[in-house]
Amino acid sequence: MTDAKKTRSYKLRIWRQPDAASTGRLVDYEVADVDPDSSFLEMLDHLNETLVKKGEEPVAFESDCREGICGACGVCIDGRPHGPVTHLTTCGLRMREFGDGVTITVEPFRANAFPVVKDLIVDRSSFDRVIERGGYVSVNAGSAPDANALPISTDMAEDAMDSAACIGCGACVASCPNASASLFVGAKIRQMKILPQGDVERTRRALAMVEQMDAEGFGDCSNHGECEAACPKAISIENIATLRREYLRAAFRS
Amino acid sequence: MSTPRFQLWSSVGKKLLTGITGLALMGFIVTHLVGNLNLFVGSEAFNGYTEALHQLGGLLVVAELGLAGLFLLHAVSAILVWRDNSGARSVQNTVVASKGSPSKQTVFSQSMIVTGSVLLVFVVLHVAQFRFGIFGGLDYTTTLDGKEVRDLYRLVVETFKNPAWVVVYVGVMVLLGGHLRHGFWSAFQSVGLLDPMLRPLAYSAGAVFAVAIAVGFLVMPIYLFLFA
Amino acid sequence: MDVEIVDGSLSSGSPDGDIQTKWDRHRFEMKLVNPANKRKYTVIVVGTGLAGGAAAATLAELGYNVLNFCIQDTPRRAHSVAAQGGINAAKNYPNDGDSVWRLFYDTVKGGDFRAREDNVYRLAQCSVNIIDQCVAQGVPFAREYGGQLANRSFGGAQVSRTFYARGQTGQQLLLGAYGSLMRQVDAGRVKMFTRREMLDLVVVDGHAKGIICRNLATGKLERYAADAVCLATGGYSTAYFLSTNAVNSNATAAWRCHKRGAYFANPCFMQIHPTCIPLSGPSQSKLTLMSESLRNDGRIWVPKKQGDTRPPSQIPEDERDYFLERRYPSFGNLVPRDVASRAAKLACDEGYGVGATGLAVYLDFSEAIERLGRDNVKQKYGNLFDMYEEITAESPYETPMRIYPAPHYTMGGLWVDYNLQSTIPGLHVLGEANFSDHGANRLGASALMQGLADGYFVIPYTLGNYLADTKPGFDDTNDPAFDEAETNVRGTIDRLLAARGKKTPREFHWELGRLLWDQCGMSREQEGLRQTAEKIRELRDEFWQNVHVAGSGEELNQHLEYAGRVADYFELGELIAVDAYNRNESCGCHLRLDHQTEEGEAVRDDENYSHVAAWEYTGDLSKPRLHREKLEFNNVHLAVRNYK
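Protein chains in written order, with this note's numbering: chain A, 5 to 258; chain B, 2 to 229; chain C, 402 to 1045.
Right, here's the structure in full:
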């Protein structure tokens, strides 16, 4: 049924690294018969099938929902996290964006706080540890008042949702020349700052999350704004401004 | 679970520090430029302005020390930011590219540490040259309203008769413009003052500010070289 | 395919009497664990989605020690994250006639009378608390201008009871649960184990006491012991290869529990979602769902002429067949999921399908754009249109969307009683992984509700009832049962790696998926099911002879992970076919061609099939034993669903 469709071939340079302890390198591959409507990850699936058939080891890469919401996938494609198209995850990127025969370099999301696990897979558990320190409202199940007891304006809800849309993929860190996690942390701080539910723990949250962010070895922010361009959910660096305000406010409240 | 504390030298603390000192320094630069415009009026106006500053006495010393402190804090926090950043990604990808708009990454944002370092050296030189007269001219005096005062105008004019100094000063002012191109809006962002409405405004204003400051300063040595 | 049938062996264990006070009475009658003793108990929770994440967090809040496992790199990526539309709750904020009773009634009826009344009633009761809990966590639900929560009508419901956060409701609810979970990790009450795949259940003296995991990052097998195990590992739609589920969603944990003695209930109840983006080619790894809210304004049609290859714009109005509007004049394009899916398949099977594959129907917005204006349509559906265009490179503003049904949700799952306990004492099953609440068809926006109800409000009570009778502190991972389970797991892995055949697991999975889709999909037929079960058996034998798995077991090896899951799909796949074969009626998603009216509508057989089909593993995959749990309908009267 795809006979009518013209398939494409690509030259790939892919980062291969057996495990965290080894050093990696770029390895050249050629992949043919790629359906231009397939996604970037399906192209890698296709490559892996051919590698396995040849008795070679397939390329390890992470993905799950393949519809842009789980945040599992993410590689640097020709130097750009999630590839050339803005506001898109790697799984949403289609091969028709790449001309027939071009060379594509595929490397992992790079940061010391994201050590490589294998090939294109990195360990992003540093994000979890930052959230652990306060990226939530401390409320036990069963203790909540009626949901409508706390009116929240549509603007507030929309604004909070803009920040809450973060999928935790780490493209912000990968794109940042400083490997900073400010956008990720800022987005959670801002969501909780806008909503009245987050008010009680506001000071502690800002201080604790920043403390953990620093302990994980992320870089500092220099306001390059590259993260906003790389973010598949178009999360604004306004969230980073909020992070600074909240931190400054905490200086006077703690 | 330890109780978290505000840390001035945390990543965000340093940004706040860099931003606040940056804003203050921009305020100083504007004042400095406005004061220096007296150079275009002539010897009496300029020396009158510098004498007025000297009349402040102890206050001037406090202001000078304060300024030195601002420069130092700005430089130290920025250098620490730079140091931490270079340690945050030990292995770099072979291909690195920008995603483009809405990224604000430019040659200016990437070269802040370079332009900043040059400016730091320059500030030391500049103060030594004109405030402390290490290349001479500290003893130049003139009479103003019957009082003997320091003739800083003469020192400035003599300095910029030398084309080498003109080149150095013009060059550094271009770099200052570059530093401000990113520094202006970035300082507001660093202290958390920008939202999506204000950001484009601050970003555009930064370009105007950078050009105005750089041009404002660099025409002085050129003017003095040509016409004084 | 004659099977041994056992009646009367299964009891839900729910209390007798008035349904409205049942859960209250049950909560009072259940035993409690003394607060000081709770910390002496350790509970394993497998899965971190809405059910697992909520359960782990809530059990930790109560004071239990929780070991929480997930296959992803972080708990926040569990597939609950992908649910778009919303979550139902009987809040009746719009004052439009909703109530706990109506939600209960709609769910039982929507499930075509194959769900257990008591469980569904409790679900409807808990739904109210879920919204309160999520709002308190900071979930940014959509709001009205007065600041109150917004509701919409969803999936053909006649009241507006669906709460939503843009098209990302699942994500936001999951992040709420994830936040609560992370808080307990910080407090030291939950130990989080990411990149762990549960590969066997350890049963000690008849009770679930631990699990064997493969550390996916290192390949090492690990043993974990606890006083009870909660399984919340989701559904098994991925057995069909192409589904709307995440590519790593799988049936393995549940299936291995089945092989340890947990009965598998109604495996053939699998929901097909009507509005998915159709298959474009053989390299495709999954199908993408678009919210069924599209059917509120889009009109579904095919050309009246078979094999019509003209572009849709050149097909005049009178040569289009709006088949849902024609067949179901009163519900039109808003008929339930199963009905819409079946009608689309029928149209394609008869040769009216469109697109390059002929496996698609049009969903047309031109009339809506004319009626509402392009801007209004954009406001309502803009993000969905963008998503569609991203994938297909076609703009739904200009040309009709092409849609086709895809496997989406499995109502079947491990059998549980009223306390969510499986047939293995101590093994509790939550969320999509169990079978309990949706009968033969799930209503839109009810999956999130069930996952969270189980996790936040049911298991915290019912697990205590089990633990109260259990001596705390089981931690002996050297028990012979652990040795046996680990040997079993290692044997499977070694067998997969040793085959070194010619075909990849993906090729086998694709073939299995086609078999299931063709014969155990939207319509089923007895002889076809018998043959399918046989073919699956044959393909399974070939799989073990001829599969090729790359790499070794002692490292991160995604290929091996996948091969293990495919191996389990082959075993589960056969049971799906056997279950569908043995249910000689049509109900909900299960349409048997030999049990339908002349107009193609489902015909239930309440006299003989008003039961849960719970399958016991006998040691022979092809000879499962059928336990029937009779379903009683004392509160909702059995009726024929009619959407004409």
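Quick reminder that beta carbons are idealized off the backbone N, C-alpha and C, glycines included.
Since the model is a prediction, treat every value here as computed from it, not as a measurement.
Residue pairing for Glu405(C): DSSP places it in a beta bridge opposite Arg1026(C). The C-beta separation of Ala978(C) from Ala934(C) comes to about 4 angstroms, placing the pair in contact by the 8 angstroms criterion. The Cβ atoms of Pro679(C) and Leu760(C) sit closer than 7 angstroms to each other. Going by C-alpha positions, Ile80(B) is about 46 angstroms away from Gln485(C). For Ala626(C), the three-state secondary structure derived from DSSP is strand.
DSSP, reduced to helix, strand and coil, places Gln585(C) within a helical segment of the structure shown. Taking 7 angstroms as the CB threshold, Val108(B) stays off the interface with chain A. Secondary structure of Arg597(C) (DSSP, three-state): strand.
Arg70(A) has a beta carbon lying within less than 7 angstroms of a beta carbon in chain C. Note on geometry: alpha-carbon atoms of Gly557(C) and Ile701(C) lie some 16 angstroms from one another. The bridge partners DSSP lists for Asp765(C) are Arg700(C). A distance below 6 angstroms between beta-carbons, with the five flanking residues on each side excluded, links Arg993(C) to the following residues of its chain, in chain order: Arg925, Ser987.
Here Val31(A) carries a strand assignment [DSSP, helix/strand/coil]. Of all residues in the region 667-701 of chain C, only Leu680, Ser681, Gly682, Pro683, Ser684, Gln685, Ser686, Lys687, Thr689, Leu690 come within less than 9 angstroms of chain A when Cβ atoms are compared, listed by chain position.
Non-local beta-carbon contacts of Phe564(C) in its own chain, meaning distances under 7 angstroms to residues more than five positions away in sequence, involve Gly487, Ile488, Ala490, Ile532, Phe542, Leu550, Asn552 in chain order. One Cα belongs to Phe118(A), the other to Ser130(A), and the distance between them is close to 7 angstroms. Apart from the 5 residues on each side of it in sequence, Ala900(C) sits with its Cβ closer than 6 angstroms to the Cβ of Val948 in its chain, given in chain order.
For the alpha helix (DSSP H) assignment, the uninterrupted runs of no fewer than 4 residues enclosed by the region 121-205 of chain A are, from N- to C-terminal side, 129-136, 158-168, 175-179, 186-198. Assignment of Cys95(A) by DSSP, reduced to helix, strand and coil, places it in the helix class.
Per the DSSP secondary-structure output, Gly611(C) pairs in a beta bridge with Val603(C), Ala626(C). With respect to Pro112(A), Ala234(A) sits apart: the two C-beta atoms are not nearer than 7 angstroms.
For Tyr810(C), the uninterrupted beta strand (DSSP E) segment begins and ends at 802-811.
Taking the Cα positions, Trp19(A) is about 10 angstroms away from Cys80(A). The C-alpha of Glu975(C) lies about 7 angstroms from the C-alpha of Arg938(C). Residue burial annotation: Ser205(B) is exposed, with fewer than 16 other C-beta atoms found within 10 angstroms of its C-beta. When 8 angstroms is used as the limit between beta carbons, Leu199(A) is near these residues of chain C: Gly539, Pro541, in chain order. At a C-beta separation below 7 angstroms, Arg182(B) has no neighbours in chain A, since its nearest C-beta there lies roughly 12 angstroms away.
Of the residues Gly59(B), Lys162(B), Leu195(B), the one whose Cα lies closest to the Cα of Ser240(A) is Leu195(B). DSSP, read as helix, strand or coil, puts Glu149(B) in strand. Distance from the CA of Leu695(C) to the CA of Arg597(C), rounded to the nearest whole angstrom, comes to 38 angstroms. If you compare the alpha carbons of Gly409(C), Met593(C), Tyr789(C) with that of Tyr805(C), the shortest gap goes to Tyr789(C). Taking a Cβ-Cβ cut-off of 8 angstroms, Pro164(B) has no neighbours in chain A, whose nearest Cβ is about 36 angstroms from it. The region 162-178 of chain B makes contact with the region 215-227 of chain B, as at least three CB pairs between them are under 8 angstroms. With respect to the 7 angstroms criterion, Thr443(C) and Ala744(C) are not classified as neighbours on the basis of their beta carbons. Taking a Cβ-Cβ threshold of 7 angstroms, none of the residues of chain C is close to Asp104(A); the smallest such distance is about 16 angstroms. When secondary structure is reduced to three states using DSSP, Leu994(C) falls in the coil class, being assigned neither helix nor strand.
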